[in-house]
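Participant: This is the structure I want to talk about, given as structure tokens.
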Amino acid sequence: MSSPLLEIEGLSGSFRSPNGALTPVLHDVSFAVPRGTVTAIVGETGSGKSLTALSILGIQPPTFQRSAGRILFDGRDLLTLKPEEMRGIRGRRISIVFQDARAALNPVFTVGRQLADVHRLHHGGSASRAMKRTIEALRAVSIPEPERRARQYPHEFSGGMAQRAMIALAALVCEPELLILDEPTTGLDVTIQAAIMELIGDLVRERGLTACLITHDLGVVAETCDRVVVMNAGRVVETGTTEAIFTRPRQDYTRRLLAASQLGETPEMIEA
Amino acid sequence: MIRLILQRLLWALPVALGVVTITFITARLFGGDPTELFAPPEATDELRAQIRERLGLADPMWMQYLRYLADVARFDFGISFSTNQAVSTDLTERLPATLELGLTGLGLGALIGIPLGVFAAVKRERVPDFLVRGFTLAGMALPQFWIGLVLIWIFFVTLGWFPGPVGRLPIEVRPPEPITGFMLIDLALLGDWSSWRLALWQLVLPAVTLAIASMAPIARVTRASMVEALQSDYIRTAVAMGHGERVLWFRYALRNALLPVITLIGVLAGNVFGGAVLLESIFGWPGLGQYALQAIEGSDFAALQGFVIYAALLYVITFLLVDVLYIVIDPRMRHA
Amino acid sequence: MTRAPLAWSMRIGLCILGAYVALALISLVWTPYDPLSPGVGDSFLPPSVEFPLGTDRLGSDVLSRLMAGTQYNLGIALVAVILALVIGSALGVVAGYYGGATDIAISRSVEIFQAFPGVLFAMLVVKAVGPGVLNIILVLSFIGIPDYARLARAEVQSRRNWPYAEAARMVGNRSWQVAFRHLLPNSMGPLLAFTSINAAFVSLVTASLGFLGLGLNPNTPEWGNMIARGQDGVMTGEWWVSFFPGLAILGMTGAFYLLGDALADLADPRRRR
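Protein chains in written order, with our numbering: chain Y, 36 to 307; chain H, 11 to 346; chain D, 282 to 554.
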């Protein structure tokens with residue numbers, strides 16, 4: 036078996052407050068994302084899961100200070116790369132879907148233009164060809180009337196539509212080896228959430244993507260993900276296959292998390 | 011979009027009426043008694059009364075006010091005591107000089123100030139940022155007229171690189187018959203390139219003075235709003251997708267950061283067009299500001315009223331342009 | 282992302298202003314020469330040991346006049362902004378708290394006054410009412426009032442329905458007490474920051490009026506007056522008469538800006554750079 040596509044080893048760090056005080060937020064975080072799998076990182080708000088994900092791309096908040104650890108991508112430590120090397124990785128080999136897609140898209144450029152800009156950046160070619168591919172990508176994520184939609188601005192998109200466009204950008208326009216999804220359904224209506232997760236599941240299966248899904252919602256994990264990493268208060272609590280985590284959770288925290296989502300076996304049921 | 015602009019125009023009407031009214035009140039309260047300008051010092055009370063009658067000053071205040079409103083609506087501000095011309099003619103003659111200086115100076119200021127602000131924002135909290143901030147602080151803290159005087163001292167008196175502060179053309183050159191009123195355009199149209207160069211040279215020092223004074227606040231506002239834009243989610247997305255710094259700064263962040271800068275440039279332009287009094291007086295520039303100063307010094311009632319209304323009008327037009335630019339730059343405004 | 286520059290700009294601004302206050306106080310009891318009397322030296326003497334900043338056309342000592350000028354420029358700026366702060370924020374609080382017709386009346390008037398070229402308005406009124414320290418102060422604070430009113434109105438309006446205002450009403454405070462004793466103090470941060478920026482503006486306008494000969498008696502050692510007196514000298518190479526008062530204005534105005542920036546950062550943590 037080949038080595039995992041992504042391995043995070045002992046990542047630790049703190050937030051530096053304006054007066055210089057350090058608040059530790061990540062403690063020896065380690066996990067791996069094997070090739071061709073979808074790995075979920077699950078935890079509550081403040082568990083450090085998003086911070087870990089952003090650190091992979093080097094886009095963590097500037098107040099975060101890493102004290103130890105390595106982030107191995109395809110065998111290379113991303114943390115030792117020069118800025119220009121890192122830029123060659125971003126978008127081209129690793130890309131990301133953010134939480135609030137409407138805020139994550141630039142308000143003063145059309146959605147099509149933004150996607151086409153990225154397409155040209157990674158694949159070159161003419162502007163008209165990039166726009167054609169962009170429209171194909173929008174169509175592939177089931178955005179109706181993609182030609183018209185491409186000429187619209189983010190504020191003219193609903194949250195769900197914007198998230199579809201964001202997914203088209205990160206997964207189809209970029210064609211990355213690793214796709215990070217940072218709470219892609221948070222803040223959306225429940226029915227839209229399901230549709231977006233279905234879209235993500237389809238894309239992952241059809242294209243055999245390696246993906247890393249950050250979420251606080253265990254409900255979306257069961258159907259889509261192969262492996263689960265449970266995080267709490269900046270530490271990795273438990274790692275395992277989805278099946279193992281849902282049916283044989285070893286840690287108390289995992290059980291409580293499952294109970295809170297009304298999934299798997301609740302502690303009461305176990306006791307009974 | 012046209013509807014939006016019409017709405018703004020309608021909104022400007024009550025403001026314009028307010029301006030006109032306050033001008034009337036201020037002029038009556040503080041403008042001095044125009045009778046004195048016509049009456050010889052030894053005039054009898056009877057003669058003074060006659061003069062007041064002829065000037066319409068004997069009528070009740072509300073009648074004077076209504077007559078005044080009617081005049082203003084026809085763009086008739088009366089005759090200037092000092093030039094013996096219709097005030098509206100005077101103002102229209104002088105407007106191009108002010109616009110020529112103002113547009114050149116502000117244009118230069120924006121051309122330098124915006125990149126400077128971007129530069130400071132991306133080098134935030136580092137040496138270049140502190141240098142730019144110090145420099146712009148000084149630019150804002152210095153009186154414009156002093157900057158002008160120092161430039162004259164260095165570049166005219168000491169180095170002799172640029173001509174003295176005698177207006178739009180050297181004294182010995184006859185100004186051309188105005189076509190557009192813009193000296194550089196008129197001379198270019200006439201093909202008089204030697205005078206054109208002289209006129210350009212005359213423009214340099216006052217325009218640079220204005221550029222320095224406007225560059226400072228432009229750079230500061232650009233910096234502040236760029237800093238905010240650079241911390242936004244959409245810039246994080248652009249970074250994550252692998253865009254290079256130049257694209258991030260100048261394409262994705264700057265366009266968002268430009269809105270407050272445009273408002274500021276609008277305010278600066280409103281101030282300049284509303285009479286860069288001191289700037290024009292330092293450089294002998296025959297524009298609206300100098301006209302206003304002469305009107306104030308000579309208690310030229312009609313000229314002053316006309317000028318203030320003209321200035322307020324230019325202010326309103328400037329802001330209308332700012333609004334239109336907003337709509338062009340920010341698509342969200344189009345649906346407001 | 283450290284707080285250091287914030288603290289620094291505050292500290293530097295306060296130090297410079299302190300120095301100006303000290304200079305103004307010293308000049309009340311001592312200046313090297315009599316600032317008002319001409320002919321303490323020859324006309325247009327360049328800076329030397331005897332006259333560190335030179336003499337002007339009338340042979341007055343530039344340094345002495347510069348020192349004495351601090352009283353005028355600093356004093357006018359401080360009094361004018363405090364006056365505008367008090368009146369403007371009172372109007373703004375009333376408009377913001379009571380809303381309705383009061384609000385519309387105050388807000389509309391503010392808008393109209395803002396369409397006026399402010400500096401020009403000052404020139405016009407000063408010319409009409411005549412020169413004098415008090416007149417300048419009144420006019421300059423009058424121009425500032427609309428801005429304070431608008432700012433205070435926005436601040437109070439945003440807080441009018443906050444729980445603590447509700448609580449203050451419930452325990453039986455009268456509405457004016459809620460507005461002025463509970464809401465206004467919480468809005469002071471942005472208002473003070475603006476006051477400092479406004480002080481910078483006021484000192485520039487004071488100098489401008491002086492330069493045009495509209496402000497004070499031409500012999501008054503106000504800095505704008507002094508620059509005007511040296512204007513002819515600049516054309517003939519006697520730069521020092523106009524040059525040094527400009528530096529004095531730069532220091533004072535710059536200090537007000539620094540202080541205003543620091544206060545604005547304090548008032549709005551999001552603005553922290």
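Think of the CB as a built atom: it goes at the ideal place given N, C-alpha and C, for glycine as much as any other residue.
Along the segment 379-392 of chain D, what residues have a CB closer than 9 angstroms to any CB found in chain H?
Facilitator: So the list reads Arg389, Ser390, Glu392, given in the order they occur along the chain.
Participant: Counting beta carbon pairs with one atom in the segment 265-277 of chain H and one in the segment 295-303 of chain H, are three or more of them shorter than 8 angstroms?
Facilitator: With a cut-off of 8 angstroms, the segment 265-277 of chain H and the segment 295-303 of chain H do not count as touching, because too few Cβ pairs lie within range.
Participant: Against leucine 204(Y), what residues of chain A qualify as contacts under a CB-to-CB distance less than 9 angstroms, listed in chain order?
Facilitator: As a matter of chain content, chain A is missing from the structure shown, whose protein chains are Y, H and D.
Participant: If you draw a straight line from the C-alpha of serine 23(Y) to the C-alpha of valine 237(H), how long is it?
Facilitator: Lying before the first or after the last residue shown, residue 23(Y) is absent from chain Y, which here runs from 36 to 307.
Participant: Do glutamate 447(D) and glycine 350(D) have their CB atoms nearer than 7 angstroms?
Facilitator: It is not a contact, given that the beta carbons lie outside the stated cut-off.
Participant: Are the segment 153-168 of chain H and the segment 190-204 of chain H in contact at 8 angstroms, needing three or more beta carbon pairs?
Facilitator: The segment 153-168 of chain H is not in contact with the segment 190-204 of chain H.
Participant: Would you say isoleucine 12(H) reaches chain D, if we count a Cβ-Cβ gap shorter than 7 angstroms as a contact?
Facilitator: Closer than 7 angstroms: no.
Participant: Name, going along the chain, the residues of the segment 269-302 of chain H whose beta-carbon falls closer than 8 angstroms to a beta-carbon of chain Y.
Facilitator: If the cut-off is 8 angstroms between Cβ atoms, the segment 269-302 of chain H has nothing near chain Y.
Participant: Which whole runs of the alpha helix (DSSP H) in the segment 190-231 of chain H are 4 residues long or more, in chain order?
Facilitator: Correct list: 193-200.
Participant: Suppose the cutoff is 7 angstroms on Cβ atoms and the five residues either side in sequence are ignored; what does the same chain contact list for aspartate 109(Y) look like?
Facilitator: For aspartate 109(Y), where only same-chain residues beyond five positions count, the Cβ hits under 7 angstroms are Leu40.
Participant: Please confirm whether glycine 126(Y) has its beta-carbon closer than 7 angstroms to some beta-carbon of chain H.
Facilitator: Chain H contact via Cβ: present.
Participant: Helix, strand or coil, according to DSSP, for cysteine 247(Y) in the structure here?
Facilitator: Cysteine 247(Y): strand per DSSP, three-state reduction.
Participant: Under 9 angstroms between beta-carbons, which chain H residues line up against aspartate 135(Y)? List them in chain order, please.
Facilitator: Those are Asp243, listed as they occur along chain H.
Participant: Using three-state DSSP, classify threonine 54(H) as helix, strand or coil.
Facilitator: Reduced to three states, the DSSP call for threonine 54(H) is coil.
Participant: Count the CB pairs spanning the segment 287-295 of chain D and the segment 302-310 of chain H that are closer than 8 angstroms, and state whether there are at least three.
Facilitator: No, the segment 287-295 of chain D is not in contact with the segment 302-310 of chain H.
Participant: Roughly how many angstroms separate the alpha carbons of proline 274(Y) and valine 263(Y), rounded to a whole number?
Facilitator: Note that residue 274(Y) corresponds to threonine in the displayed sequence, not to proline. Taking the straight line from one Cα to the other gives about 6 angstroms.
Participant: Taking Cβ to Cβ, would you say phenylalanine 524(D) is nearer than 7 angstroms to phenylalanine 155(H)?
Facilitator: Contact: no.
Participant: At the level of alpha carbons, what is the spacing between arginine 256(H) and alanine 263(H)?
Facilitator: Straight-line Cα distance between these residues: approximately 10 angstroms.
Participant: Return the chain-ordered ranges of every alpha helix (DSSP H) run that is complete within the segment 94-155 of chain Y and spans a minimum of 4 residues.
Facilitator: 118-124, 136-139, all fully within the segment 94-155 of chain Y.
Participant: Assuming arginine 19(Y) and leucine 114(Y) form a contact by the criterion Cβ under 8 angstroms, report the distance between their Cβ atoms to the nearest whole angstrom.
Facilitator: Any question about residue 19(Y) goes unanswered here, given that chain Y covers just 36 to 307.
Participant: If I follow the unbroken alpha helix (DSSP H) through glutamate 258(Y), where does it start and stop?
Facilitator: Segment 253-259, the alpha helix (DSSP H) holding glutamate 258(Y).
Participant: Identify whether phenylalanine 50(Y) lies in helix, strand or coil by the three-state DSSP scheme.
Facilitator: If DSSP states are grouped into helix, strand and coil, phenylalanine 50(Y) belongs with the strands.
Participant: Considering just the uninterrupted stretch of the alpha helix (DSSP H) at glycine 399(D), what are its terminal residues?
Facilitator: Counting along the chain, the alpha helix (DSSP H) containing glycine 399(D) begins and ends at 399-410.
Participant: Determine the closest residue to glutamine 17(H) out of Val277(H), Ile122(H), Pro341(H), Asp333(H), with distance taken between C-alpha atoms.
Facilitator: For the residues Val277(H), Ile122(H), Pro341(H), Asp333(H), the minimum Cα distance to glutamine 17(H) belongs to Asp333(H).
Participant: Excluding sequence positions up to five away, which residues of its chain have a Cβ less than 6 angstroms from the Cβ of threonine 476(D)?
Facilitator: The answer, listed in chain order, is Val362, Leu366.
Participant: The beta strand (DSSP E) that contains arginine 262(Y), what's its start and end?
Facilitator: Per DSSP, arginine 262(Y) belongs to the beta strand (DSSP E) from 262-267.
Participant: For the segment 235-253 of chain Y against the segment 65-84 of chain Y, are there 3 or more C-beta pairs whose distance is under 8 angstroms?
Facilitator: As far as the Cβ criterion goes, the segment 235-253 of chain Y touches the segment 65-84 of chain Y, which means the pair count is three or higher.
Participant: Within a Cβ cutoff of 6 angstroms, which residues of the same chain sit near threonine 301(Y), ignoring the five residues on either side of it in sequence?
Facilitator: With a pLDDT of only 47 at threonine 301(Y), under the threshold of 50, the placement of this residue in the model should not be trusted, and no figure is reported.
Participant: Starting from the beta carbon of glycine 254(H), find every residue of chain Y whose beta carbon is closer than 7 angstroms, and list them in chain order.
Facilitator: In chain order: Arg122.
Participant: Starting from arginine 270(Y), follow the beta strand (DSSP E) in both directions and report where the run begins and ends.
Facilitator: Run containing arginine 270(Y): 270-276, per the beta strand (DSSP E) assignment.
Participant: Under three-state DSSP, which class holds leucine 339(D)?
Facilitator: Coil.
Participant: Quick check: alanine 120(H) and arginine 233(H), are their CB atoms within less than 7 angstroms of each other?
Facilitator: No, these two residues do not count as a Cβ contact at 7 angstroms.
Participant: Closest Cβ-Cβ distance between phenylalanine 155(H) and chain D: below 7 angstroms?
Facilitator: Chain D, which has a Cβ nearer than 7 angstroms to the Cβ of phenylalanine 155(H), makes this yes.
Participant: Check whether chain Y comes within 7 angstroms of arginine 265(H), counting only Cβ atoms and requiring the distance to be less than that.
Facilitator: Closer than 7 angstroms to some Cβ of chain Y, the Cβ of arginine 265(H) qualifies, so yes.
Participant: Distance, Cα to Cα, arginine 168(Y) vs alanine 151(Y)?
Facilitator: When rounded, the distance between both Cα atoms is 8 angstroms.
Participant: Could you spell out where the beta strand (DSSP E) holding isoleucine 76(Y) opens and where it closes?
Facilitator: Per DSSP, isoleucine 76(Y) belongs to the beta strand (DSSP E) from 73-77.
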